[in-house]
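Structure record follows, encoded as structure tokens.
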Amino acid sequence: MSVQKHFSGDRMTHLRHFFCMAVIAMLGACGSESDTGAQNTAPAAKTVEQPKVAAQPVDPVAQMPRAVGNGKPGAAVDIKYEFSGRPEVGKPVQLEIALIPSAGVDSLEATFSGMDGFTLTGDLTTTISNARAGEPYKHSLSVQANRSGVFYVTVSVNTQISGVTLGRTFAVPFLAGTATAAQEKPAPATDATGQAVQPMKAQETH
Amino acid sequence: MAERHSLRFALLSIAALALGACGGQGDNDSAGNPPPPGTTVTLSGKITFDRIVFQTTLRTGLNPSSPVESPARQITVEALDASSGNTILATTTTDEAGNYTFQVPTNRMVRVRAKAEMAQTGSGGTWNFRVLDNTQSATLYVLDGDAADTGTANATRNLRATSGWGTTSYTGTRAAAPFAILDTVYSAKKQILDAVAGTAFPALNLYWSKDNRPTVANFCTTSGDIGTTFYTPGETAARVSNCAPSPNLPGIDLPAGIYVLGDFANGNGDTDEFDQHVIAHEFGHFVEDKFSRSDSIGGSHSIGDRLDLRVAFSEGWGNAYAGMVLNDPLYRDSALGVSADTGFDMEADNPNDGWFSELSITEILWDLFDNVADAGDQVALGFPPLYAVMVGAQRSTDAMTSIYTFVDGLRAANASQVAGINALLTGESITNTDAFGTNETNAGGSQTALPIYQDVAVNQPLPTPVCSSGNESLGNQLGYRRLLRLTLPTATAVTIRVDGTASGTFGVPATDPDIYLYTRGVIVAIADSTAAGVETITQQPLGAGVHIIEVYDYDVGVLPRCMSVAVSGL
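Chain order of the listed sequences is C and P.
At position 21 of the first sequence the residue is numbered 21 (my numbering), and the sequence of numbers has no breaks.
Numbering-wise, my numbering comes out as the position in the second sequence, counting from 1, plus 206.
Okay, here's the thing in structure tokens:
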């Protein structure tokens with residue numbers, strides 16, 4: 001039983017804000033194609049002031065907090081990004097990525113890479129020495145889609161903190177061309193118990 | 207002759223039905239009777255998977271060209287009737303060496319299936335761990351052998367889940383991945399069972415897909431945009447923007463479990479299925495959530511961060527637990543496909559010492575556990591005493607969970623080890639104090655981190671405002687969320703009012719203060735309206751004892767954001 005399920009709407013919204021911090025922010029969700037500026041972080045929506053609902057008596061064991069911190073450790077860096085325009089097939093657009101180190105980061109290095117379906121040009125690596133916490137270090141690349149679809153620019157960042165190196169990978173998504181309706185996935189196979197299964201072939205010996 | 211065939215058919219049908227229906231009874235029928243002699247043969251073998259291990263040289267990643275064939279331990283194996291819709295003829299579980307054996311009908315087309323599932327009911331502990339594909343309707347990964355006639359003689363069928371690695375990249379099905387994940391879970395489970403025999407684990411699903419990638423901005427588990435490897439106790443659609451069509455619209459529920467990265471991305475992605483410390487770290491969060499208590503507010507974290515003390519402990523626990531499970535203090539996380547790795551050594555004296563550092567917590571917990579007597583570490587408690595605190599004092603503390611609460615419980619239960627325990631804290635620049643961190647002097651460079659708890663009493667307004675760090679974007683960093691301790695001698699209905707108030711030379715008035723109220727880590731009230739400069743919790747009934755008030759300013763800026771706090775009640 002989750003404690004939040006007992007809460008009123010405003011509490012749920014706040015916990016949603018918490019969860020966004022716990023997951024979405026953790027994921028470095030800091031930019032989008034529609035961001036007006038790479039330095040802006042949109043705060044989670046707040047609730048309108050309303051009367052408080054008195055909490056019901058609680059069972060402290062049954063209602064242990066659920067917001068367990070949860071992600072794996074990563075490099076002390078965040079990213080934000082902005083496209084100069086809507087990516088279209090055959091037309092290059094600029095992608096500006098801001099690398100933002102946290103406190104304690106001495107230096108960082110980043111590698112940028114593409115995937116099938118688009119061409120990524122520009123300096124595909126960058127190194128920042130004497131990094132300053134909170135400073136957005138901007139890096140521009142050109143992106144040209146060869147076909148419609150959803151693509152990802154992969155950004156791999158290593159940070160150095162007093163000789164310790166930690167890495168973090170980001171996948172920057174973008175849609176080129178017109179969105180196509182998601183293809184209906186075929187119904188998964190099921191076993192005799194009705195469990196949906198994904199068979200993989202074994203290497204078998206006798 | 208015809209009668210004998212009919213009888214044999216009937217017996218086989220009964221046996222098959224019984225075995226198929228009860229699933230898990232192995233070679234006996236539902237009444238525990240062995241099958242009639244001559245109608246079955248023994249099918250046995252070994253289930254293995256290819257574990258891709260790290261290169262011996264740090265930072266050079268994994269070595270996919272030399273996989274280590276490893277036993278798939280305690281997983282479910284089935285004999286399927288390939289001629290009749292894969293009816294389950296027999297079910298069993300592999301042993302510690304990956305071996306299985308069961309009786310199957312003679313002269314039957316049978317396929318052996320190994321499931322990415324580890325389940326046990328009955329005595330000796332219970333668990334149900336499964337590896338599913340979050341991008342394919344949560345399908346369970348299964349490893350299938352060929353359909354072959356069982357004939358009339360006993361036979362061996364070994365199944366091996368290969369990695370799918372070609373020469374320079376993955377070119378085949380990555381069948382080993384789910385079993386590698388599950389095998390790390392086996393080790394993590396064993397760590398708990400060795401401490402507390404018979405532990406009943408809540409069910410846990412682990413979600414892995416080759417399409418699970420560290421996407422920014424979009425969070426959608428069904429498309430693989432999971433952001434990072436993480437544990438979640440599960441969230442409803444109303445509370446998490448999972449696959450939401452737009453930021454302000456609800457998406458879908460987020461099922462509880464551990465989500466694991468798997469996107470190779472042409473050699474540039476981040477895959478975690480073979481990163482045992484990463485998997486064990488997340489299992490540590492599962493253990494903390496289900497058997498202990500965590501007051502962590504979550505959020506982004508790194509070894510260089512100065513974190514909220516609750517987050518620092520939870521993440522430090524995850525790191526150290528991984529080291530304990532694997533008995534390996536070298537935390538390695540592969541990247542750039544398989545070609546690189548980063549991490550840290552729990553035995554090294556890493557930077558950024560303090561109660562707010564997940565790495566300090568990691569090092570302390572590791573040193574409490576390990577039996578290597580290095581500088582400043584004369585303690586070797588092993589895992590059970592540490593786990594006893596996690597499920598005991600840490601769960602019932604009046605304070606928010608932190609290194610202070612953990613060590614307070616550990617000292618109480620291990621009086622002869624106090625000097626050694628204290629030495630470890632001193633080595634990480636943490637004051638030896640009580641569960642509330644009273645008199646801590648290490649502020650971590652923050653103007654607003656100390657005192658960790660400020661006492662507040664009913665009808666006695668604080669003499670000076672409380673200030674929250676202004677420059678905060680993640681919500682979980684040191685000095686942002688300020689804690690106050692309210693001790694009530696008797697049950698009281700309290701009103702808590704917070705007003706933005708300037709303080710000192712640099713403290714500006716908070717413009718949107720928020721309040722959280724906790725009792726033993728449980729949130730009992732929240733006030734987070736958009737009212738300008740003020741927030742109030744009104745007439746909140748509280749029992750006698752200690753309660754924690756958390757205040758911060760939702761708005762942030764360069765300067766500290768300050769507020770007066772007053773508690774009134776009858």
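Every residue gets a Cβ at the ideal spot worked out from N, C-alpha and C, and that includes glycine.
Every value quoted in this text rests on a predicted model; they were computed, and no experiment measured them.
- In this structure, the beta-carbon distance from VAL762(P) to GLY676(P) falls below 8 Å.
- Proximity of the segment 547 to 557 of chain P to the segment 492 to 500 of chain P falls short of the contact definition, fewer than three beta-carbon pairs being nearer than 8 Å.
- Around the C-beta of LEU108(C), 16 or more other C-beta atoms lie within 10 Å, and the residue is accordingly described as buried.
- Interface annotation, LEU592(P): not in contact with chain C, CB-CB separation never under 8 Å.
- Per DSSP, the continuous beta strand (DSSP E) segment holding VAL773(P) begins and ends at 767 to 775.
- Contact annotation: in the segment 67 to 81 of chain C, residues whose CB is within less than 9 Å of a CB in chain P are ALA67, VAL68, GLY69, ASN70, GLY71, LYS72, PRO73, GLY74, ALA75, ALA76, VAL77, ASP78, ILE79, LYS80 and TYR81.
- Comparing alpha carbon positions, the residue from GLN666(P), LEU410(P), LYS396(P) and GLN309(P) closest to ARG363(P) is GLN309(P).
- One alpha carbon belongs to ALA629(P), the other to ASP514(P), and they sit about 23 Å apart.
- The continuous alpha helix (DSSP H) containing SER566(P) extends over residues 564 to 575.
- Each residue's CA atom was taken as its position, placing VAL714(P) and SER508(P) some 29 Å apart.
- Under the three-pair Cβ rule at 8 Å, the segment 112 to 130 of chain C counts as touching the segment 143 to 157 of chain C.
- Residue-level contact check: SER250(P) does not touch chain C, since none of the beta carbons of chain C fall below 8 Å from its beta carbon.
- One Cα belongs to TRP572(P), the other to SER520(P), and the distance between them is close to 14 Å.
- Close CB contacts of ASN472(P) within its chain, under the 8 Å cut and outside five residues either way in sequence, are with SER375 and GLY543 (chain order).
- Burial state of GLN280(P) is buried, judged by a 10 Å Cβ sphere holding 16 or more other Cβ atoms.
- According to the DSSP assignment, LEU460(P) belongs to no alpha helix (DSSP H), since it is labelled neither H nor E.
- When the beta-carbon positions are compared, TYR537(P) and HIS483(P) come within less than 8 Å of each other.
- With contacts defined as CB atoms closer than 8 Å, ALA322(P) and LEU388(P) qualify as a contacting pair.
- Nearest to PHE255(P) by C-alpha distance, out of ARG380(P), ASP604(P) and ALA296(P), is ARG380(P).
- Against chain P, the CB of ILE97(C) has no partner CB under 8 Å away; the residue lies outside that interface.
- CA-to-CA, the gap between ILE458(P) and THR246(P) works out to about 48 Å.
- Annotation for PRO590(P): the continuous alpha helix (DSSP H) segment containing it runs 589 to 597.
- The straight-line gap separating the alpha-carbon atoms of CYS673(P) and GLY490(P) is approximately 33 Å.
- The Cβ-Cβ distance between GLN653(P) and GLY685(P) falls below 8 Å.
- When ARG319(P), ASN682(P) and THR698(P) are compared, the shortest CA-CA separation from GLN203(C) is found for ARG319(P).
- Along the segment 621 to 664 of chain P, the alpha helix (DSSP H) occurs as fully enclosed runs of 4 or more residues at 624 to 633, listed in sequence order.
- From the beta-carbon of GLY475(P), the residues of chain C found nearer than 7 Å are THR154 and THR169.
- Rounded to whole angstroms, the separation of the alpha carbons of LEU668(P) and ALA625(P) is 36 Å.
- In its chain, beyond the 5 residues on either side, PRO188 and THR190 have a beta carbon closer than 6 Å to the beta carbon of ALA196(C).
- Take the alpha-carbon of GLY370(P) and the one of VAL259(P): they are about 14 Å apart.
- Contacts with chain P (Cβ-Cβ distance below 8 Å) from the segment 128 to 150 of chain C involve GLY134, listed in chain order.
- A direct Cα-Cα distance of roughly 6 Å separates SER276(P) from ARG257(P).
- Taking the C-beta atoms as reference points, LEU574(P) is found no nearer than 8 Å to PHE550(P).
- Beta-bridge annotation (DSSP): ILE702(P) is paired with ILE743(P) and VAL773(P).
- Chain-order list of chain C residues neighbouring ALA361(P): HIS206, by C-beta distance under 8 Å.
- Ranking ASP476(P), THR644(P) and ASN665(P) by CA distance to the CA of ASN158(C) puts ASP476(P) first.
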